[in-house]
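S.K.:
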Amino acid sequence: MTISTFEDKPAVDRQKMNLLGLSPEKLEKFFKDMGEKPFRATQVLKWIHQIGVDDFDQMTNLAKDLREKMKSIAEIKAPEVVSYHESKDGTCKWIIRVTGGDCVEAVFIPEKDRGTLCISSQVGCALDCSFCATGKQGFSRDLDAFEIIGQLWIAVKAFNSFGDKANRVVSNVVMMGMGEPLLNFDNVVDSMGLMLNDNAYGLSKRRVTLSTSGVVPMIDKLAEVSDVSLAISLHAPNDELRDQLVPINKKYPISLLLASAQRYLDKMPDVRRKITIEYTLMDHINDRDEHARELAILLSKLPCKINLIPFNPFDQSDYRRVTKTALYRFRDILKNAGHTVTVRTTRGEDISAACGQLAGTVSDKTRRSERHTNKHQLQPIKFVMS
Ligand code: SAH
Ligand code: SF4
Numbered sequence: 504m505t506i507s508t509f510e511d512k513p514a515v516d517r518q519k520m521n522l523l524g525l526s527p528e529k530l531e532k533f534f535k536d537m538g539e540k541p542f543r544a545t546q547v548l549k550w551i552h553q554i555g556v557d558d559f560d561q562m563t564n565l566a567k568d569l570r571e572k573m574k575s576i577a578e579i580k581a582p583e584v585v586s587y588h589e590s591k592d593g594t595c596k597w598i599i600r601v602t603g604g605d606c607v608e609a610v611f612i613p614e615k616d617r618g619t620l621c622i623s624s625q626v627g628c629a630l631d632c633s634f635c636a637t638g639k640q641g642f643s644r645d646l647d648a649f650e651i652i653g654q655l656w657i658a659v660k661a662f663n664s665f666g667d668k669a670n671r672v673v674s675n676v677v678m679m680g681m682g683e684p685l686l687n688f689d690n691v692v693d694s695m696g697l698m699l700n701d702n703a704y705g706l707s708k709r710r711v712t713l714s715t716s717g718v719v720p721m722i723d724k725l726a727e728v729s730d731v732s733l734a735i736s737l738h739a740p741n742d743e744l745r746d747q748l749v750p751i752n753k754k755y756p757i758s759l760l761l762a763s764a765q766r767y768l769d770k771m772p773d774v775r776r777k778i779t780i781e782y783t784l785m786d787h788i789n790d791r792d793e794h795a796r797e798l799a800i801l802l803s804k805l806p807c808k809i810n811l812i813p814f815n816p817f818d819q820s821d822y823r824r825v826t827k828t829a830l831y832r833f834r835d836i837l838k839n840a841g842h843t844v845t846v847r848t849t850r851g852e853d854i855s856a857a858c859g860q861l862a863g864t865v866s867d868k869t870r871r872s873e874r875h876t877n878k879h880q881l882q883p884i885k886f887v888m889s
């Protein structure tokens, strides 16, 4: 019997290293292992992330023999764009196929003073919040770093190819798509590192936001390695109600969660930084005056701004959207108690791109629900890459 080892295999059969998701440190190591100088990492980072190049031959400041060597062992491969959709209100959505065949979604929301890209960190989500389309699907797997940063790479490249006509720029990134980012810690941290790096996307730490439903130990771990903005998905002013909406609350109740949020702020040198508290409002569930009053007291000591999100219904949801009257009453109670409050306007609903409607396709490992199908028949717009 002959045993074939990795070394026996021709180079083409070996899996190539995908450089798209490598952090600057890992890219430096890649070049060091090749016997090259670390500044090659800076050059290649710029080609990949600033210019959107995925072909080594276009990297004209690298010697030809280095490019050939890189081609034999590495590649720059973004996940596949299945379809691209544009809403009446300018919101854009990409359905992206990741390795293994599942799909995730990324959404771009243009506003007057900014353009926010909302990206996914996992295929599905294991945390099963009762009001969330992603949670209803169960969990399939973590996204790789190249699949996370690949969503930003795809959006930036697409907007560059649209030319002047569209004038769309990604100025902010929020990890508020599918999945719980703190449960895919290393890949999310590597991807956020690229978002902040001046040789890659160069976004400011205030313009990159990680949203979590409250994985308390990982909030502390995040504070050790990152200083991005933190959003906490609270949705209830007491444990009894939050236990029903956000099951992870049974493990990490509100008092522990808010204490970890405070510790996160304490690690930041800039005392003006604030936590964003997200509160999805559902009719007759968490939208009563007494909820608002309880929330105002609960958050009175935490430096925070409160973002109220009217619930977005989806196929299998049991909840209704808050009424306008209840929404504004809720907001005013918080404001009168001295809180900074914003109301998130629903965007991209006609293409199922609104907050909490992102579903993609997940091979539902936990069999918690039927495979999600979109209520709206989407008309994909032909996607053109430059
Ligand atoms: N897992 C992370 C990030 C993804 S969810 C988290 O939970 O924070 C991003 C935000 O969308 C969260 O605040 C979440 O509570 C909210 N959301 C989920 N489903 C929603 C829905 N149907 N309508 C409105 N907001 C929703
Ligand atoms: Fe997961 Fe966030 Fe949805 Fe909860 S709200 S199921 S944590 S994606």
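One rule links them: number in the numbering used here = place in the sequence shown (from 1) + 503. All residues carry an ideal CB built from backbone N, CA and C; glycine is no exception.
Relative to ligand 2, what is the chain-ordered list of residues with a Cβ closer than 5 Å to any of its non-hydrogen atoms?
M.R.: Counting every residue whose Cβ lies closer than 5 Å to a heavy atom of ligand 2, we get 628, 630, 632, 635, 637, 638, 683, 716.
S.K.: Which partner residues of residue 779 appear in the DSSP bridge assignment?
M.R.: Start at 1 with the first residue of the sequence shown, and residue 779 comes out as number 276. In the DSSP output, where bridge partners are listed per residue, residue 779 has 734, 808.
S.K.: For residue 855, tell me which candidate among 658, 698, 588, 541 has the shortest Cα-Cα distance.
M.R.: The residue given as residue 855 occupies position 352 in the sequence shown. The candidate whose alpha carbon is nearest that of residue 855 is 588.
S.K.: For the stretch 778 to 788 against the stretch 818 to 835, do three or more pairs of beta-carbon atoms, one drawn from each stretch, fall closer than 8 Å, so that the two count as touching?
M.R.: Enough Cβ pairs lie closer than 8 Å, so yes.
S.K.: Quick one: Cα of residue 698 to Cα of residue 647, how far?
M.R.: For the purposes of this step, residue 698 is identified with residue 195 of the sequence shown, where counting begins at 1. For the purposes of this step, residue 647 is identified with residue 144 of the sequence shown, where counting begins at 1. Going from the Cα of residue 698 to the Cα of residue 647 covers about 15 Å.
S.K.: Using 8 Å as the threshold, is the C-beta distance between residue 681 and residue 623 below it?
M.R.: Taking the sequence shown and counting its residues from 1, the one referred to as residue 681 is at position 178. Taking the sequence shown and counting its residues from 1, the one referred to as residue 623 is at position 120. Yes, they are a contact pair.
S.K.: Ligand 1 and residue 812: does any heavy atom of the ligand fall closer than 7 Å to the residue's C-beta?
M.R.: Position 309 of the sequence shown, counted from the start, is the residue given in the question as residue 812. At least one heavy atom of ligand 1 is nearer than 7 Å to the Cβ of residue 812, so yes.
S.K.: Any heavy atom of ligand 1 closer than 7 Å to the Cβ of residue 688?
M.R.: As a working mapping, residue 688 is identified with position 185 in the sequence shown. No, the beta carbon of residue 688 sits no closer than 7 Å to any heavy atom of ligand 1.
S.K.: Taking the C-alpha atoms as reference points, what is the distance between residue 764 and residue 722?
M.R.: Here residue 764 corresponds to residue number 261 of the sequence shown, with the count starting at 1. Here residue 722 corresponds to residue number 219 of the sequence shown, with the count starting at 1. In a straight line, the C-alpha of residue 764 is about 7 Å away from that of residue 722.
S.K.: Have a look at 776, 831, 818 and flag the residue whose alpha-carbon is nearest the alpha-carbon of residue 805.
M.R.: For the purposes of this step, residue 805 is taken as residue 302 along the sequence shown, with counting starting at 1. Among 776, 831, 818, the Cα nearest to that of residue 805 is on 776.
S.K.: Can you give me the start and stop residues for the alpha helix (DSSP H) that residue 571 sits inside?
M.R.: Against the sequence shown, residue 571 aligns to sequence position 68. Its alpha helix (DSSP H) spans residues 567 to 576.
S.K.: Under 8 Å by Cβ, that's how I've got residue 689 and residue 708 pegged, so tell me the actual separation to the nearest angstrom.
M.R.: By 1-based counting over the sequence shown, the position of residue 689 is 186. By 1-based counting over the sequence shown, the position of residue 708 is 205. Not quite, the Cβ-Cβ distance comes to about 19 Å (not below 8 Å), so this is no contact.
S.K.: Do residue 522 and residue 577 have their beta-carbon atoms positioned less than 8 Å apart in this structure?
M.R.: Taking the sequence shown and counting its residues from 1, the one referred to as residue 577 is at position 74. Taking the sequence shown and counting its residues from 1, the one referred to as residue 522 is at position 19. Yes, Cβ-Cβ distance for residue 577 and residue 522 is below 8 Å.
S.K.: How is the beta strand (DSSP E) around residue 600 delimited, first residue to last?
M.R.: Your numbering for residue 600 matches position 97 in the sequence shown. 595 to 600 is the span of the beta strand (DSSP E), which, as asked, contains residue 600.
S.K.: When the Cα atoms are used, what is the spatial distance from residue 813 to residue 780?
M.R.: Locating residue 813 in the sequence shown gives position 310, counting from the first residue. Locating residue 780 in the sequence shown gives position 277, counting from the first residue. Whole-angstrom Cα-Cα distance: 14 Å.
S.K.: Can you name, in chain order, every residue of its own chain whose Cβ lies under 6 Å from the Cβ of residue 694, other than the five neighbours on each side?
M.R.: Numbered from its first residue, the sequence shown carries residue 694 at position 191. These residues qualify, in order along the chain: 648, 651, 652.
S.K.: How should residue 531 be labelled, buried or exposed, when 16 other C-beta atoms within 10 angstroms of its C-beta is the threshold for buried?
M.R.: Taking the first residue of the sequence shown as position 1, residue 531 is located at position 28. With 16 or more other Cβ atoms within 10 Å, it is buried.
S.K.: If you count every other CB in all the chains shown that lies within 10 Å of the CB of residue 561, and 16 or more means buried, which is it?
M.R.: In the sequence shown, residue 561 corresponds to position 58, counting from 1. Residue 561 comes out exposed.
S.K.: Given 7 Å as the limit, tell me if residue 781 has its C-beta closer than that to any heavy atom belonging to ligand 1.
M.R.: Translated into positions along the sequence shown, residue 781 becomes position 278. Indeed, a heavy atom of ligand 1 lies less than 7 Å from the Cβ.
S.K.: Mark residue 728 as exposed unless 16 or more other C-beta atoms lie within 10 angstroms of its C-beta, in which case mark it buried.
M.R.: Reading the sequence shown from its first residue, position 225 is the one you call residue 728. It is exposed - the Cβ of residue 728 has fewer than 16 other Cβ atoms within 10 Å.
S.K.: Which one of 774, 767, 738, 563 has the shortest CA to CA distance from residue 757?
M.R.: Taking the sequence shown and counting its residues from 1, one reaches residue 757 at position 254. When only C-alpha atoms are compared, the closest one is 738.
S.K.: Does the stretch 542 to 551 come close enough to the stretch 609 to 624 that 3 or more CB-CB pairs lie under 8 Å?
M.R.: As far as the Cβ criterion goes, the stretch 609 to 624 does not touch the stretch 542 to 551, which means the pair count is below three.
S.K.: With residue 587 as the anchor, note down where its beta strand (DSSP E) starts and where it stops.
M.R.: Numbered from its first residue, the sequence shown carries residue 587 at position 84. First-last of the beta strand (DSSP E) with residue 587: 583 to 589.
S.K.: Identify every run of the beta strand (DSSP E) within the stretch 715 to 775, keeping only runs that are complete inside it and at least 3 residues long; order them along the chain.
M.R.: Runs of the beta strand (DSSP E) inside the stretch 715 to 775: 732 to 736.
S.K.: Once DSSP output is grouped into helix, strand and coil, what is the label at residue 835?
M.R.: By one-based count along the sequence shown, residue 835 stands at place 332. Note: residue 835 maps to helix in three-state DSSP.
S.K.: Cβ of residue 732 within 7 Å of any heavy atom in ligand 1?
M.R.: Taking the sequence shown and counting its residues from 1, the one referred to as residue 732 is at position 229. Every heavy atom of ligand 1 is 7 Å or more from the Cβ of residue 732, so no.
S.K.: So residue 658 and residue 672 are in contact, right, with Cβ under 8 Å, and what is the actual spacing, rounded?
M.R.: The residue given as residue 658 occupies position 155 in the sequence shown. The residue given as residue 672 occupies position 169 in the sequence shown. Not a contact, Cβ separation roughly 10 Å.
S.K.: If residue 625 sits next to residue 687, beta carbons under 8 Å apart, how far is it from one beta carbon to the other, in whole angstroms?
M.R.: Within the sequence shown, numbered from 1, the residue matching residue 625 stands at position 122. Within the sequence shown, numbered from 1, the residue matching residue 687 stands at position 184. Their Cβ separation, rounded to whole angstroms, is 5 Å, which keeps residue 625 and residue 687 in contact under 8 Å.
S.K.: With a threshold of 7 Å (Cβ to nearest heavy atom), would residue 817 be considered close to ligand 1?
M.R.: For this step, residue 817 is matched to residue 314 along the sequence shown. Yes, ligand 1 has a heavy atom inside 7 Å of this Cβ.
S.K.: Rounded to whole angstroms, what is the Cα-Cα separation between residue 719 and residue 606?
M.R.: On the sequence shown, residue 719 is found 216 positions in, with the first residue counted as 1. On the sequence shown, residue 606 is found 103 positions in, with the first residue counted as 1. C-alpha separation (whole angstroms): 28 Å.
S.K.: As an exercise, report each continuous alpha helix (DSSP H) stretch of at least 4 residues that is fully enclosed by the stretch 604 to 644, in chain order.
M.R.: Listed in chain order, they are 636 to 639.
S.K.: Under 7 Å Cβ to Cβ from residue 591, same chain only, skipping five residues before and after it: list those, please.
M.R.: Here residue 591 refers to the residue found at position 88 of the sequence shown. Excluding positions up to five away in sequence, the list reads 853.
S.K.: Using only the heavy atoms of ligand 1, determine whether one of them is closer than 7 Å to the beta carbon of residue 721.
M.R.: Residue numbering aside, residue 721 sits at position 218 when the sequence shown is read from its first letter. Because no heavy atom of ligand 1 lies under 7 Å away, the Cβ of residue 721 does not count as near it: no.
S.K.: Cβ of residue 596 within 8 Å of Cβ of residue 608?
M.R.: Here residue 596 is taken as the residue at index 93 of the sequence shown, counted from 1. Here residue 608 is taken as the residue at index 105 of the sequence shown, counted from 1. A contact, by the Cβ cut-off of 8 Å.
S.K.: Near residue 580, what residues of its chain come up, given a Cβ to Cβ distance below 6 Å and the 5 sequence neighbours on each side ignored?
M.R.: Taking the first residue of the sequence shown as 1, we reach residue 580 at position 77. Around residue 580: 521.
S.K.: Alpha helix (DSSP H) containing residue 678: first to last residue?
M.R.: Counted from its first residue, the sequence shown places residue 678 at position 175. No alpha helix (DSSP H) contains residue 678, which is instead part of the beta strand (DSSP E) from 675 to 678.
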